[in-house]
Amino acid sequence: MAEIVLGIASSHGPMLSTPPEKWGQRVEADKAELHHAYRGSTYSFDGLSRLRRSEGLEEQIRPEVWQSRHSACQAAIANLAEVFHRANPDIAIIVGNDQMELFTDANIPAFAMYWGETILNHEPKRDPSKPRAPGLDVAMRGRIPEGGAEYPGHGELARHLILSAMRDGFDVAALKEFPQLTQTVPHAYGFVYRQIMRDNVVPSVPVFTNTFYPPNQPTAQRCSELGYSLARAIESWPGDERVALIASGGLSHFVIDEEIDRLVIESIKDGDLSSLQALPETHFQSGTSEIKNWIPVMAAMSQQGLRGKLVDYVPCYRSEAGTGNAMGFAYWSKEA
């Protein structure tokens, strides 16, 4: 049977691939957003600023703080890349999410798996009359190499995962090809190929969780069950491949909530997901919802009897309102 040899969880936000002196570029978009999700409610930028005034977040957005936290993030990513290299897995299963890069409102599955043999990673087609949001262009190379790339999928294992998930009660969508509109893998996966695998990409199976978009967002409990299902499927695969499970996304954003992030960190260390499962679903909204990409990997690794190692937690604030991206980096291995 195949063997799970490694679990990795990493943030993938654009700030990681943006020079720290340019982190403030995204604040323009933050100020224009009228519905920032934070602890079960939504706020305008000004409303958030008033709500969090007592936290003194101005201290978090000084240039020297940005530089220090950017450096810490780069060190953590390098650490995970080295962990991946040492483990030398044959296959990776990557749990991430789509943000209207593949799917549209016409059809957003709660769970989906890609079982094609080729994965394309290139700049998505877009209307040239509509410029990208501020701060995104500079981060492009963090997830897409110059000229794009083509990576190997693993259709046979993916088909096995789909059939196993169906037997476990998951009615997963199956993608043999990417939609014609984009034909490229979302940024959650491109980041892993570029930053964790360092462009030395092993065959992989992208697993999609609809963390972002109501009304069919899977619950934290359901995401845990998916992790257990993936672990069982890997163990029943007749090959002898060494498999890495990788979560891409999180932690809290686009409004940072260190309290929720601490629950994630505690769950990584002790393998107990009950505190995350007990959180109201209203707390898993917007970018913070990507914590649900971590939960399947945490569950699978806990089932293996492994406790996680936190490489670093770096809250990267970009405004006095608390907008930004809290970055987390962790792994599970028999050596951890």
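Just so we're aligned: the sequence shown equals residues 2 to 337 in our numbering. For every residue, glycine included, the Cβ atom is placed at its ideal position computed from N, Cα and C.
Which residue's Cα is closest to the Cα of residue i: the options?
{"i": "A93", "options": "S225, L252, A3, E336", "result": "A3"}
{"i": "L7", "options": "D31, E34, N89", "result": "N89"}
{"i": "F332", "options": "R319, E321, W295", "result": "It should be pointed out that residue 332 corresponds to Tyr in this sequence rather than to Phe. For the residues R319, E321, W295, the minimum Cα distance to Y332 belongs to W295."}
{"i": "T119", "options": "G154, F104, A140", "result": "G154"}
{"i": "R144", "options": "E157, M198, M167, D172", "result": "M198"}
{"i": "W24", "options": "L280, S287, E336, C317", "result": "C317"}
{"i": "V139", "options": "G14, T289, C74, V312", "result": "G14"}
{"i": "S165", "options": "P187, S205, L231", "result": "L231"}
{"i": "G240", "options": "D200, L277, D91", "result": "D91"}
{"i": "A111", "options": "V244, T289, L227", "result": "L227"}
{"i": "S69", "options": "V315, N217, R54, K335", "result": "V315"}
{"i": "P180", "options": "F104, R160, Q222, G170", "result": "F104"}
Which partner residues of residue i appear in the DSSP bridge assignment?
{"i": "P153", "result": "T119"}
{"i": "E4", "result": "R243"}
{"i": "D313", "result": "F330"}
{"i": "G325", "result": "F255, Y318"}
{"i": "M198", "result": "Answer is none; M198 lacks a bridge partner."}
{"i": "A248", "result": "A10, V96"}
{"i": "H37", "result": "Y44"}
I need the DSSP call for residue i, collapsed to helix, strand or coil.
{"i": "N108", "result": "strand"}
{"i": "P21", "result": "helix"}
{"i": "S225", "result": "helix"}
{"i": "V208", "result": "strand"}
{"i": "H86", "result": "helix"}
{"i": "A76", "result": "helix"}
{"i": "A113", "result": "strand"}
{"i": "A174", "result": "strand"}
{"i": "P32", "result": "Sequence check: residue 32 is Lys here, not Pro. The answer is helix: DSSP assigns K32 an H, G or I state."}
{"i": "W238", "result": "coil"}
{"i": "V193", "result": "helix"}
{"i": "G355", "result": "There is simply no residue 355 to check, as the chain begins at 2 and stops at 337 in what is shown."}
{"i": "E124", "result": "coil"}
{"i": "D271", "result": "helix"}
{"i": "T289", "result": "helix"}
{"i": "R263", "result": "helix"}
{"i": "N217", "result": "coil"}
{"i": "Q184", "result": "coil"}
{"i": "T63", "result": "It is Arg, not Thr, that sits at residue 63 in the sequence shown. It is coil, neither helix nor strand."}
How about residue i and residue j: do their beta carbons lie closer than 9 Å?
{"i": "N326", "j": "S225", "result": "no"}
{"i": "G309", "j": "G251", "result": "no"}
{"i": "T210", "j": "P297", "result": "yes"}
{"i": "M16", "j": "R263", "result": "no"}
{"i": "I95", "j": "Y214", "result": "no"}
{"i": "W67", "j": "P125", "result": "no"}
{"i": "E151", "j": "N122", "result": "yes"}
{"i": "Q196", "j": "I269", "result": "no"}
{"i": "G149", "j": "T185", "result": "yes"}
{"i": "A290", "j": "N98", "result": "Inspection of the sequence shows that residue 290 is occupied by Ser rather than by Ala. Cβ atoms of S290 and N98: closer than 9 Å."}
{"i": "I5", "j": "A248", "result": "no"}
{"i": "G272", "j": "L307", "result": "yes"}
{"i": "L162", "j": "V193", "result": "no"}
{"i": "Y39", "j": "D172", "result": "no"}
{"i": "H86", "j": "N217", "result": "no"}
{"i": "S11", "j": "M141", "result": "no"}
{"i": "H37", "j": "Q100", "result": "no"}
{"i": "Q304", "j": "Y229", "result": "yes"}
I think residue i touches residue j, with their Cβ atoms under 8 Å apart; what is that distance to the nearest whole Å?
{"i": "E102", "j": "T183", "result": "6 Å"}
{"i": "V265", "j": "T324", "result": "So it is not a contact: roughly 19 Å between Cβ atoms."}
{"i": "E321", "j": "E34", "result": "About 15 Å separates the two Cβ atoms, so there is no contact after all."}
{"i": "V203", "j": "L158", "result": "That pair is no contact at about 12 Å."}
{"i": "K177", "j": "W116", "result": "6 Å"}
{"i": "H284", "j": "G48", "result": "No, H284 and G48 are not in contact; Cβ-Cβ is about 18 Å, not under 8 Å."}
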